[in-house]
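Residue numbers (my numbering), protein chains in the order written: chain F, -7 to 259; chain E, -7 to 259.
And the structure:
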C-alpha cells in the first residue's frame, strides 16, 4: 500500500474532467491537482514552451510527495511526455493520449477515425502515431478546434454559436466518413452534447479521461500502491485565482473546492 | 533630440494595432515591441497576475534603453498602470485607456457610450472612471466579449460565427441606445468591419490606438525627445514563437518581421 497522493495537472481547468474520472474509478485515492490558470491556454503555444511549463509543474508536484502523475492535458501529453519521462525518471508519469488511442481503436468499425484537439496537439501527430503503430491501415483525420476551449470557458456549450462552430470544424471529418471521434482536449467533454448533436448518433465520441483513470488503477493494483485509507482528500492549486476554476469545479465535481495559489515560475 | 527607441508591449499580438499607428504618426521613431505569446491572453486573469507579468516586461524593455513605454494592451493598462508608474517612476509610461476615454467623449452626441473589452478590463472599471471624472452625467454601458480575441486569432473576423457572436455580445449595448462604442481591446480593430455591420453606421466605433500614438507624439515634441534619424527600425520580441505573430504582422503591418524569443520569466 502507498497512501501518498496522485498528482494531476493541466494548462487550466479542463483537466478537472480527468480528476472527476479518477474520483469515480479510484474513490479512496488522495489527489493533488495543479491548473496553470495564469498561463492558460497551452494549445496555440510551442512544444518548447509547453514542455518548460510542464517541467515547472512536475517539480512543484514532487514537493507534495506524489506517488504518480497524470498529465491531464492533451497538449502537454502530446508535446512533452517523452521529454518529461527523460527529465523525471523516478516518478511514474501517465499521459492521456495512449488511453485515447486504445479506446478509439476499440470503438471504430470502419477504421476511419477523427481526432480533434488544439493546434499543438494536432501538430504533434501523437494520436496518429499511436494509432498507426497499433493498426497500420487505420485512416486518421485530424482537425484543430481552437475555439472550443474559449467557448467551454465562456459557458457557451450548447447555443447556436457553439453549434455553428462545431459544424464548421467537424464538416471535413464527417465528409471523410469517420465513425469515431476522439475528444483530444480535456475541455471538449464539456461540449459533448453539442458535438454529438452535430455529428449524429452513428459517430462514437471517445473521451480519454475514463480510460486514463482505469490505466492508473491497474498500475497501482499491480504495484501494490493503492491507498489503504478511506478518507476522501482532494487538494487543488492554481497559478492564478480566476473564476473559471470555481465555475468548472461546481459543474463537474458537483462540490465547492478552494484552490490555493502558487507561484509556478519559481519552480 | 533623443534617438532611443519607444518600447511597446501587449499580452500577445493584438498590440501590433498600436505599433501600426505609431509607425504612421511617428514615422522616424525606432520601436521595440514585446508580445507575451507564451502567457497570452491576459483578459481572464487577475489584476495581480497581469501586474506581475507587466513588471517583468518593463524590466526587459528597460534593458533595451527605451525612452518611453506604451502599454499597448487594454487589460494591462486598466489593471496595472497605477502600480507600474509607482514601481518604475523614472520612465514615462503611456496607457491606452485615457486616449480611448477622450476620443469617446468627443464622439458621442447623446452621452450614451458602450465599452467592450476583456473580463479584466471591464471588471477594472477604468473606462467608466475616466469618463465619469470628465463628464459626470455620461451614461456608460460595458460588456466583456471574451470570444472576440480567439476569433481574431483564428482569423474568423467576418464569417457567420463572428457575426452571431457580435450580435449576442452587442445586443444589450444597442438596446441601451449607445451612439459610440470603444474597442477596448487591441485585438478588436481586427473585427471592426464585422462589429460595424452589426451595430450599424449610426454608431461610432472608437479605436484608442491612433489617439494614443498622437499623445506620444505630443509628449516627445514638448520634451524635445523626437528621434533625429531618418532610418526606420522596428524590433520585435516574443515569449514564444507562435504563428499568430507572423499572421498579424503581415495582415497589419504589410511586411514580414522576425521576432526574437526571450525568456520573460527571468526578468
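Heads up, the beta-carbon is just placed ideally off N, CA and C, and yes, glycines get one too.
Contact check, residue i vs residue j, beta carbons under 7 angstroms
{"i": "residue 135 of chain E", "j": "residue 111 of chain E", "result": "no"}
{"i": "residue 62 of chain F", "j": "residue 45 of chain F", "result": "no"}
{"i": "residue 27 of chain F", "j": "residue 178 of chain F", "result": "no"}
{"i": "residue -1 of chain E", "j": "residue 88 of chain E", "result": "no"}
{"i": "residue 199 of chain E", "j": "residue 175 of chain E", "result": "yes"}
{"i": "residue 68 of chain F", "j": "residue 42 of chain F", "result": "yes"}
{"i": "residue 81 of chain F", "j": "residue 60 of chain F", "result": "no"}
{"i": "residue 3 of chain E", "j": "residue 96 of chain E", "result": "no"}
{"i": "residue 9 of chain E", "j": "residue 99 of chain E", "result": "no"}
{"i": "residue 133 of chain F", "j": "residue 183 of chain F", "result": "no"}
{"i": "residue 226 of chain F", "j": "residue 23 of chain F", "result": "yes"}
{"i": "residue 229 of chain F", "j": "residue 252 of chain F", "result": "yes"}
{"i": "residue -5 of chain E", "j": "residue 220 of chain E", "result": "yes"}
{"i": "residue 259 of chain E", "j": "residue 52 of chain E", "result": "yes"}
{"i": "residue 237 of chain E", "j": "residue 5 of chain E", "result": "yes"}
{"i": "residue 257 of chain F", "j": "residue 40 of chain E", "result": "no"}
{"i": "residue 153 of chain E", "j": "residue 156 of chain F", "result": "yes"}
Neighbour flag for residue i against chain E, beta carbons, 7 angstroms
{"i": "residue 36 of chain F", "result": "yes"}
{"i": "residue 200 of chain F", "result": "no"}
{"i": "residue 242 of chain F", "result": "no"}
{"i": "residue 203 of chain F", "result": "no"}
Residue-chain proximity (residue i, chain F), Cβ-Cβ < 7 angstroms
{"i": "residue 97 of chain E", "result": "no"}
{"i": "residue 144 of chain E", "result": "no"}
DSSP three-state assignment for residue i, whether helix, strand or coil
{"i": "residue 156 of chain F", "result": "helix"}
{"i": "residue 14 of chain F", "result": "helix"}
{"i": "residue 228 of chain F", "result": "strand"}
{"i": "residue 26 of chain E", "result": "strand"}
{"i": "residue -6 of chain E", "result": "coil"}
{"i": "residue 31 of chain F", "result": "coil"}
{"i": "residue 64 of chain F", "result": "coil"}
{"i": "residue 136 of chain F", "result": "strand"}
{"i": "residue 172 of chain E", "result": "strand"}
{"i": "residue 253 of chain F", "result": "strand"}
{"i": "residue 198 of chain E", "result": "strand"}
{"i": "residue 238 of chain F", "result": "helix"}
{"i": "residue 107 of chain E", "result": "strand"}
{"i": "residue 276 of chain F", "result": "The structure shown has nothing for residue 276 of chain F, since chain F only spans -7 to 259."}
{"i": "residue 76 of chain F", "result": "helix"}
{"i": "residue 165 of chain F", "result": "helix"}
{"i": "residue 147 of chain E", "result": "coil"}
{"i": "residue 0 of chain E", "result": "strand"}
{"i": "residue 85 of chain E", "result": "strand"}
Listed by chain order, chain F residues near residue i by CB distance under 7 angstroms
{"i": "residue 153 of chain E", "result": "153, 156, 157 and 160"}
{"i": "residue 232 of chain E", "result": "37, 38 and 41"}
{"i": "residue 257 of chain E", "result": "257"}
Chain F contact residues for residue i, given Cβ-Cβ distances below 9 angstroms
{"i": "residue 139 of chain E", "result": "139, 142, 143, 146, 148 and 153"}
{"i": "residue 30 of chain E", "result": "31, 37, 38, 41, 44 and 45"}
{"i": "residue 236 of chain E", "result": "36"}
Cross-chain neighbours of residue i in chain F, by beta carbon under 8 angstroms
{"i": "residue 51 of chain E", "result": "Correct list: empty, because the minimum Cβ distance to chain F is about 14 angstroms."}
>> If contact is defined by three or more beta carbon pairs under 8 angstroms, each pair taking one atom from either stretch, is the stretch 114 to 123 of chain E in contact with the stretch 177 to 190 of chain E?
In response: Touching, no.
Item checked: Inter-stretch contact at 8 angstroms, needing at least 3 Cβ pairs: the stretch 117 to 127 of chain F / the stretch 222 to 239 of chain F -> Because the criterion of three Cβ pairs below 8 angstroms is not met, the stretch 117 to 127 of chain F and the stretch 222 to 239 of chain F do not touch.
Touching or not, the stretch 193 to 213 of chain E and the stretch 8 to 18 of chain E, by the rule of three or more beta carbon pairs under 8 angstroms? With the cut-off at 8 angstroms, the stretch 193 to 213 of chain E and the stretch 8 to 18 of chain E touch.
request  = Check whether the stretch 30 to 40 of chain F touches the stretch 138 to 151 of chain F, counting contact only when three or more Cβ pairs, one atom from each stretch, lie closer than 8 angstroms.
outcome  = For the pair of segments examined, the stretch 30 to 40 of chain F was found to touch the stretch 138 to 151 of chain F: the number of CB pairs separated by less than 8 angstroms reaches three.
> Should the stretch 152 to 169 of chain F be regarded as contacting the stretch 96 to 109 of chain F, the criterion being three or more beta carbon pairs within less than 8 angstroms?
Replying inline: Short answer: they touch.
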